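What follows is a set of notes on a single structure, which appears directly below.
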Amino acid sequence: MKTGIWGAGNIAHTHAEALLAAGITVAAIVDVDEEKAKAFAEEFHIKKWGCDPSILLEEEIQTVHVCTPPNLHYEMVMQLLEHRKNVLCEKPLCFEDVQAEELVRKAKEHGVVCAINFNVRFHMACQKARKLVESDAFGRVNLIHGNYLQEFNAFPAPIDWRYNTKLAGRMRAVTEIGTHWMDIAQYISGQKVMAVSANFGRFYPERYVEENTMYPDSKNGKRTETINVISEDAAAINLKFENGAIGTLLLSEISQGRINRITLEVTGEKMNLWWNSEDNNLLNTAVKGSGVNTEIFGFGNGFMDTFCSLVKSFYEDVKKGCISEDPVYPTFEEGENIVKLCNAMLDSADSDGKWVLVG
46 MKTGIWGAGN
56 IAHTHAEALL
66 AAGITVAAIV
76 DVDEEKAKAF
86 AEEFHIKKWG
96 CDPSILLEEE
106 IQTVHVCTPP
116 NLHYEMVMQL
126 LEHRKNVLCE
136 KPLCFEDVQA
146 EELVRKAKEH
156 GVVCAINFNV
166 RFHMACQKAR
176 KLVESDAFGR
186 VNLIHGNYLQ
196 EFNAFPAPID
206 WRYNTKLAGR
216 MRAVTEIGTH
226 WMDIAQYISG
236 QKVMAVSANF
246 GRFYPERYVE
256 ENTMYPDSKN
266 GKRTETINVI
276 SEDAAAINLK
286 FENGAIGTLL
296 LSEISQGRIN
306 RITLEVTGEK
316 MNLWWNSEDN
326 NLLNTAVKGS
336 GVNTEIFGFG
346 NGFMDTFCSL
356 VKSFYEDVKK
366 GCISEDPVYP
376 TFEEGENIVK
386 LCNAMLDSAD
396 SDGKWVLVG
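Be aware that the sequence shown starts at 46, since it is given in our numbering, and climbs by one per residue.
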C-alpha cells in the first residue's frame with residue numbers, strides 16, 4: 046500500500062510521521078515549491094517528489110493526504126476522486142456548501158474511503174465521553190458548551206497564509222480552531238447543530254507591519270506599512286441542537302497564556318461530564334448529590350497519538366476497500382456538515398447575530 050502527500054507544509058510533517066508510525070509507505074510528495082518538496086522527500090526518504098500533481102495520480106498511489114491551504118482543497122480533492130484515490134483531507138474540506146456536497150457525492154459515486162483531519166476526537170477521554178453520553182445512565186442531552194482558546198495571534202502576530210483571504214477564506218478562528226470543537230461537540234453529544242447566532246470580534250482591522258509581523262500601533266510613527274485584516278480574532282456563538290438542547294461556543298486566537306485549550310461540557314438529564322485538552326487524560330463526570338468523579342487515563346495519549354489513531358482507523362477501511370458501517374474517523378459527510386456550520390456562522394455574524402439555520 047502506497048500513499049502520497051500533497052503539500053509539504055508543517056502539518057504535512059505530522060501526516061508523514063503518523064504514516065511511518067503505522068507502517069505505511071509514503072511514495073510521493075508534491076508541493077508548489079520544488080525545493081520544499083525535495084527537502085521533504087529527503088527528510089522522509091520519499092522516492093518521488095516534485096511540483097507535478099500527476100505524480101500522485103499514478104496507479105501505485107492508492108491514497109493521498111491533502112495538506113494544502115483550504116482554497117485549494119475542492120479542486121485537488123475532486124481531481125483525486127476522479128482518479129479513484131482514497132483521500133484524507135485537512136480541514137476545512139472546502140469553502141462552499143455546494144462544493145462540499147459535490148465532494149461527498151463524488152466520493153460515494155467512486156466508492157473510495159475519505160476522511161477529514163479532526164484528530165481531537167481520538168483522545169481516550171473523548172472516546173469514553175461518547176460512550177457515556179450514549180448510555181441510558183446519561184439521559185437526554187440538554188446543554189452543550191465550551192471554548193477553544195489560543196494565543197498564537199495575539200500581538201505581536203506573525204503574518205502567514207491564514208491572513209490571506211484567497212487562501213484561507215473570510216474566516217480564521219472559526220475554520221482554523223472552531224472546526225475541531227464543532228466536531229467533538231457533535232461527535233460526543235450525538236447531536237447536530239441546527240441553528241447558530243454568531244458574533245465575530247474583528248479587532249484592529251488595520252494593523253501596522255514590521256518584518257512580517259503585525260502590531261496594533263505604529264511605534265510612534267516608525268512603522269509605516271499597514272495591512273487590513275477582515276477575518277475574526279474571536280467569536281461568540283449561540284447554538285441550537287436538533288433535539289432541543291442549547292449551547293454556547295467561545296473561540297479566541299488572542300488569549301495570552303492559552304497555548305491550546307479546548308473545553309467541552311455536556312449536560313444530560315441524569316449526568317454531567319466535562320473535559321479539556323490541557324488535562325487531556327482526565328474526564329470529569331457528576332451525578333446530582335454525589336460529587337465529582339475524575340477518571341484518569343494512566344496510559345493516555347497526546348496530540349501525536351490522536352493523529353496516529355486517526356490514521357490507523359482510516360487505513361483499516363482503506364485496506365478493506367470500503368467504509369465501515371459506523372467509522373470512528375471523521376467522514377466527508379461530517380466534513381460537509383462542518384463546512385455548512387462555518388458558513389452559517391459567517392452569515393449570522395454578517396447579519397448582527399441573527400439566527401441562521403445550518404445547511
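In this text, a Cβ means the ideal position worked out from N, Cα and C, and glycines have one as well. Here the structure is a predicted model, which means the values were calculated and not measured.
Given a length threshold of 3 residues, each whole run of the beta strand (DSSP E) inside the segment 85-140 is given here in chain order: 93-95, 106-111 and 131-134. Apart from the 5 residues on each side of it in sequence, Phe245 sits with its Cβ closer than 6 Å to the Cβ of Glu277, Ala280 and Ala394 in its chain, given in chain order. Boundaries of the alpha helix (DSSP H) around Cys171: Met169 to Glu179.
In this structure, Arg129 sits near Val157, with a CB-CB distance shorter than 8 Å.
Ala66 and Met349 have their C-alpha atoms some 10 Å from each other.
Here Gly156 carries a coil assignment [DSSP, helix/strand/coil].
By the C-beta density criterion, Leu402 is exposed, having fewer than 16 other C-beta atoms within 10 angstroms.
Contact between the segment 150-166 and the segment 253-260 is absent, with fewer than three C-beta pairs closer than 8 Å. DSSP lists Met259 and Glu270 as the beta-bridge partner residues of Val254. Judged by DSSP in its simplified three-state form, Trp319 adopts strand.
Per DSSP, reduced to three states, the secondary structure at Ser297 is strand.
Taking the C-beta atoms as reference points, Thr220 is found nearer than 8 Å to Pro137. Within 10 angstroms of the beta-carbon of Thr271 lie fewer than 16 other beta-carbons, which makes it exposed. The straight-line gap separating the alpha-carbon atoms of Ile282 and Leu386 is approximately 11 Å. Counting the other CB atoms within 10 Å of its CB gives Ser354 a total of 16 or more, which places it among the buried residues.
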